[in-house]
Amino acid sequence: MNAVAAPSPRQITWQRRRRALAAAWRDFRGHTPGMVGLIVLALIILMALAAPLIADESGLRAINTTENPTWASPSEFGPLGTDNFGRSVWTQFVWSARISLVVGLAATLIAMLIGSVVGIVAGFLGGIVGSILMRVTEWFLVIPFLPLAIVLAAILGPSILNIIIVIGITSWPSTARVICAQVLTLRERDYVERSRALGASNWHLMTRHVVPNVAPLILANTTLTVPVVILSEATLSFLGFGDPANLSWGTMLDQAFQFGAITQEAWWWFIPPGVGILLVALSFTLIGTALEEILDPRLKERG
Amino acid sequence: MSVRYVTRKVFGSLATLLFVICFNFFLFRIVSNDPVATLFRGRNLTDSQRDELTHQFGLDKSIWGQFVDYLEQTAQLNLGRSYQTNQPVWDEILDAAGPTIALVGVSAILSAVFGVMLGIAAAWRRRTKTDYTVTGFTMTTYSMPDFWLGMLLLLAFAVGLGWFPTGGIEDPASTATGLSKLADQAQHMFLPALTLTLAYLGEYAIVMRSSLLDTMREDYLVLARAKGLRDILVRNRHAVPNALLPVVALTAINFGFVLSGAIAVEAIFSWPGLGLASYEALQGPDLPMLQGMFLVFSAAVIFFNLLADLLYGYLDPRVRRA
Amino acid sequence: MSPEEHFLRVRDLHVTYAPRGAAIPAVRGVDLDLHPGETLGLAGESGCGKSSMAAALLRLLPKGTKVTGEVLLDGEDVLKMKPGRLRAVRWTDLAIVFQGALHTLNPVQRVGDQIGEAIRLHSKDGRVRVSTRVGELLELVGLPARRARDYPHELSGGQRQRVLIGLALACEPRLLVADEPTTALDVMVQAQVLRLLEDLQKEFGLGIIFITHDLSTLADLSDRIAVMYAGRIVEQGPAEQVFTHAAHPYTRALGAAFPVIGDPAFRMNPSGVPGDPPDPRFLPSGCPFHPRCSAAVDICPSTDVELWPAGEGRRAACVHVSGAPQTTSLRAGPSPAPRARRTP
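Protein chains in written order, with this note's numbering: chain Y, 498 to 800; chain L, 258 to 579; chain X, 214 to 557.
Now the structure itself:
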């Protein structure tokens, strides 16, 4: 009788993948800047999740009561002072973190999904379909982001969902181009030819061979796209397209500027949101750079 | 550079420009398909008045008729009239273009020069303190919103220390002319230019560092050293020229994008350029202005992409003789 | 200087790479002598340390690499030279002919300028007409002078190799180190380049160290051959003898590793060297070749082999040569007979 059945091919593949993942994690742990980025990001996410606990949500709406003086500095009203309406800046900061993070991640996800699909299909199928897709991508790249995003935001109206959509559909082209180039090189590899000789369909080749091989590149690219998206959201919100009902760090900066925080020298109002954006963008950049080095050994070797 | 290469690139750019022009038209049709109502908001029009205005603006034609009109007008640089000022859009654009080109031009040059220098220093001494400091600094400036940096500088140097004015391109009360006027404008331009320079030099540094690191692994550097060249000369005469190629292309392309990306910074400093004009047009919304801006920004990007291609083709002998 | 005096004398050269704290010994104690007008062939598989050794002669290894020993050029130790003296000596006393791959030359500089740079760097006479000299050098190696205006990618592999030879001669060195100059070329072009080197050597009395993995090219060109394995020389002696009657099993295997087209006996019994060269960090005990050696015996893994005398002017690092008593073979089956590829 068989004591233990031999592992199926699928099980072997997953075992190998798990081992590769563990090795990659070990490599990542040794990469100091990457770990710093990860820790900082984790702290910020924790802060955002703990918002109801650390900052009373009603503080977002309180205006000009005796308890909430306007333009109070952090020494007068902690921890981060108040704005022109008397709202606590700290409360706004913590709650805006949620919006900024959600918009950043969601828009990135949309951009990556569209970009990856377009890139893989264009690179793999080639021919007419590929050329058309890449042409479209090139055209999109030529249109400057900000004007296009502004117009789209104006059409759709200011809301979180719309911002996510707008940034998502304006950010996918650069991903598509990178992925397409990578898939083009993969397509010529031997194992793809051999698979095809065995009778594999395009779908099988794409999902079983191409996708797992570009997955690391997609991951690294995604992580490095987040900072771009976050900065885009900040700029759009600053220009007035943010959702007034849902504060983000960008809308905080917009309001601070509009209501004269600079002339009032109310640094406590506009420095924290900027620092928040900076830290999140920087963390993702550090993590993304670490991932790139791990996944492409040549980068590690050359420094 | 072969004539074929140049013609190919130029035709490609023209095709893209055409696409953008058409795209522009349809995009703004979605935004508002009744300009008459927008234009005469708040004023009661009788039906016959409205019909006459509609006819006057050519809006009673079919969408294709309007499209043809639009193409004709664009070819003649007639981009309509601003809702807010009632001046021709093209004239407004020309007025605003000068300050933006000055600001963005100076910033682009400074950020390219300093960014490249930092990138070279970081790559040549990779994994030393110099490298880590430069990389850390550039990553940080590159991760912050450019307009936020502007706000910080405004607070510190204009409001706080009072060294620089808080906005505009010149002192409105001043009657200075000639050199002193230029000095006044330069003083006004200092902080916005510093903001843009700091915001963009990070990208140049990162790209130059990356490119130089790639170049440093090439065999011809060993040969150069073997000939007896000093280290500095190996770097400057052999490594850097090769590494600069992608950076040159990046510079040209960036210029086109920064032109449109400076909207927020111009808004912060009230710099009367294309960015501020766009910002104010957004308040309207002043649709003809926005449509014109969109076209100008896109055309700028296309133009500078073409310039980058041609420049790269000229500088890289491998492409030049293709 | 009389021809009997050594121009290049290498003693106990060790090269250890140290990337990120690891220690990779690429060269583990090499002695070499070279006279002007003499050609020394240096053979071995990739990874045996021959290119590292060549780079070490002019201190061209990456920063942080440990190089110890002596490299005496005309009595002066290169390894102890101050940077200024080293730069002056480079290319004027000893020049390297690199393999003519596309990126050996600067892709964005004309080849004439690259040769000119070497001339300008070392000319004491400010009035040297550089372009004339560049033209002369190109013609010397069989290329028309107007090719100076070309970029590297506009030349064929053989032409690039010639440019590199011309470049190496720019400052009239007495010593050339040719590192795999014919490896990437097809056979016809190979023969031309080898012929060129021979002619130049006769004309200028050059000393040449010719590095290759193809033992057969050395047979014709070299006066003496040294064979490297795992960072050490395992056999050296007069070229003819080393080639036809190798004393070391590795040399035998190297010489036999190239198929003789059309020889049915060879097809039925192809000998090459099984296995891969050892990782320098994990060398086998005793003789480093024993795991792949068809003539290995039981004392091989435990004997520290040295270059023992193996005839007139010959040495080999093999126990079979040292005269030690041999006992049982480590290998089942007979060892392949050495195949002579050419009659003397």
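Every residue gets a Cβ at the ideal spot worked out from N, C-alpha and C, and that includes glycine.
Item to complete: Quick one: list the residues of chain Y neighbouring Val277 (chain L), beta-carbon separation under 9 Å, in chain order.
Response: Trp636, Val639, Ile640
Worksheet item: Cα separation between Val633 (chain Y) and Ala314 (chain X)?
Response: 39 Å
Fill in: Residue range of the unbroken alpha helix (DSSP H) whose run includes Arg686 (chain Y)
Neither: Arg686 (chain Y) is in no alpha helix (DSSP H) and is coded neither H nor E.
Item to complete: Whole angstroms is fine: what's the gap from Arg437 (chain X)'s alpha carbon to Pro238 (chain X)'s?
Response: 26 Å
Fill in: Whole runs of the alpha helix (DSSP H) within the segment 650-734 of chain Y, excluding any shorter than 4 residues
657-684, 687-694, 708-733
Item to complete: State the DSSP-derived secondary structure class of Asp290 (chain X), mapped to helix, strand or coil.
Response: strand
Practice prompt. Express the C-alpha separation of Ile676 (chain Y) and Asp687 (chain Y) in angstroms, rounding to a whole number.
Written response: 19 Å
Worksheet item: Under the three-state reduction of DSSP, which class applies to Asn482 (chain X): helix, strand or coil?
Response: Unreliable positioning characterises Asn482 (chain X) in this predicted model, as indicated by a pLDDT of 46, which lies under 50. A coordinate reading is not provided.
Item to complete: Find the residues of chain X that neighbour Gly549 (chain L), judging by a C-beta separation of less than 8 Å, and give them in chain order.
Response: Those within 8 Å of Gly549 (chain L) in chain X number zero; the least Cβ separation is about 42 Å.
Worksheet item: Looking at the C-beta of Asp476 (chain L), does it have a partner C-beta in chain X at a distance below 8 Å?
Response: With its beta carbon less than 8 Å from one in chain X, Asp476 (chain L) belongs to the interface.
Practice prompt. Pull up the distance between the alpha-carbon of Pro320 (chain X) and that of His366 (chain X), whole angstroms please.
Written response: 7 Å
Item to complete: For Pro769 (chain Y), decide whether its Cβ has a neighbour in chain L, counting only Cβ atoms nearer than 8 Å.
Response: no
Fill in: Proximity test, Cβ basis, 8 Å: Phe754 (chain Y) and chain L
By this cut-off, Phe754 (chain Y) is an interface position.
Discussion item. Between which residues of its own chain and Ser734 (chain Y) is the CB-CB distance below 7 Å, once the five residues before and five after are set aside?
Written reply: Ser745, Gly747, Thr748, Asp751
Worksheet item: Taking contact to mean at least 3 C-beta pairs separated by less than 8 Å, is the segment 402-417 of chain L in contact with the segment 754-764 of chain Y?
Response: Using a C-beta cut-off of 8 Å, the segment 402-417 of chain L makes contact with the segment 754-764 of chain Y, since at least three inter-stretch Cβ pairs fall below that distance.
Worksheet entry | Same chain only: Cβ atoms within 7 Å of Ser570 (chain Y), ignoring 5 sequence neighbours per side | Gly578, Trp765
Worksheet item: To the nearest angstrom, how far is it from the Cα of Cys531 (chain X) to the Cα of Ala460 (chain X)?
Response: 8 Å
Practice prompt. Please name the residues in the segment 406-423 of chain X whose beta-carbon is closer than 8 Å to at least one beta-carbon of chain L, in chain order.
Written response: none
Fill in: Whole-angstrom distance between Pro770 (chain Y) and Trp405 (chain L), CA atom to CA atom
If I take the Cα positions, the gap works out to 9 Å.
Discussion item. Taking 7 Å as the limit between beta carbons, can you name the residues of its chain near Asn718 (chain Y), skipping five residues before and five after?
Written reply: Thr672, Val675
Item to complete: Compute the distance between the beta-carbons of Gly379 (chain X) and Leu353 (chain X), then report whether it is under 8 Å.
Response: yes
Worksheet item: Mind pulling the beta strand (DSSP E) runs of 3 or more residues that sit fully within the segment 414-475 of chain X?
Response: The segment 414-475 of chain X is shown to contain whole beta strand (DSSP E) runs of 3 or more residues at 420-425, 437-442, 445-451, in chain order.
Item to complete: From the DSSP output, read off the bridge partner residues of Tyr230 (chain X).
Response: X:Ile237.
Worksheet item: Under 8 Å between the Cβ atoms of Asp306 (chain X) and Pro386 (chain X)?
Response: With contacts defined as CB atoms closer than 8 Å, Asp306 (chain X) and Pro386 (chain X) qualify as a contacting pair.
Item to complete: Go through its chain and collect everything with a Cβ distance to Arg381 (chain X)'s Cβ below 7 Å, but skip five positions before and after it.
Response: The amino acid occupying residue 381 (chain X) in the given sequence is Ala; Arg does not appear at that position. Cβ neighbours of Ala381 (chain X) beyond the five flanking positions: Ala308, Ile309, Val310, Leu389.
Practice prompt. Excluding the 5 residues preceding and the 5 following Asn482 (chain X) in the sequence, name in chain order all residues of the same chain whose CB lies nearer than 6 Å to its CB.
Written response: With a pLDDT of only 46 at Asn482 (chain X), under 50, the local geometry of the prediction cannot be trusted, and no value is derived from it.
Worksheet entry | Which of helix, strand or coil DSSP assigns to Ser585 (chain Y) | strand
Worksheet item: Since Ile525 (chain L) meets chain Y, which of its residues come closer than 8 Å, beta carbon to beta carbon?
Response: Phe754
Worksheet item: Short check: CB of Val504 (chain L) to CB of Ser555 (chain L), under 8 Å?
Response: 8 Å or more divides the Cβ of Val504 (chain L) from the Cβ of Ser555 (chain L).
Worksheet item: Buried or exposed: which applies to Arg513 (chain Y), given that a residue is buried once 16 or more other Cβ atoms fall within 10 Å of its Cβ?
Response: exposed
Worksheet item: At a cut of 8 Å, does the segment 358-378 of chain L reach the segment 454-474 of chain L through at least three beta carbon pairs?
Response: Under the 8 Å Cβ criterion, the segment 358-378 of chain L counts as touching the segment 454-474 of chain L, having at least three qualifying pairs.
Worksheet item: Could you give the residue range of the beta strand (DSSP E) that holds Asp392 (chain X)?
Response: 388-392
Practice prompt. Output the distance between the C-alpha atoms of Lys293 (chain X) and Arg222 (chain X), rounded to the nearest integer angstrom.
Written response: 14 Å
Worksheet item: With respect to the beta strand (DSSP E) encompassing Val639 (chain Y), which residues constitute its N-terminal and C-terminal limits?
Response: It is not in any beta strand (DSSP E) - Val639 (chain Y) instead sits in the alpha helix (DSSP H) that spans 624-639.
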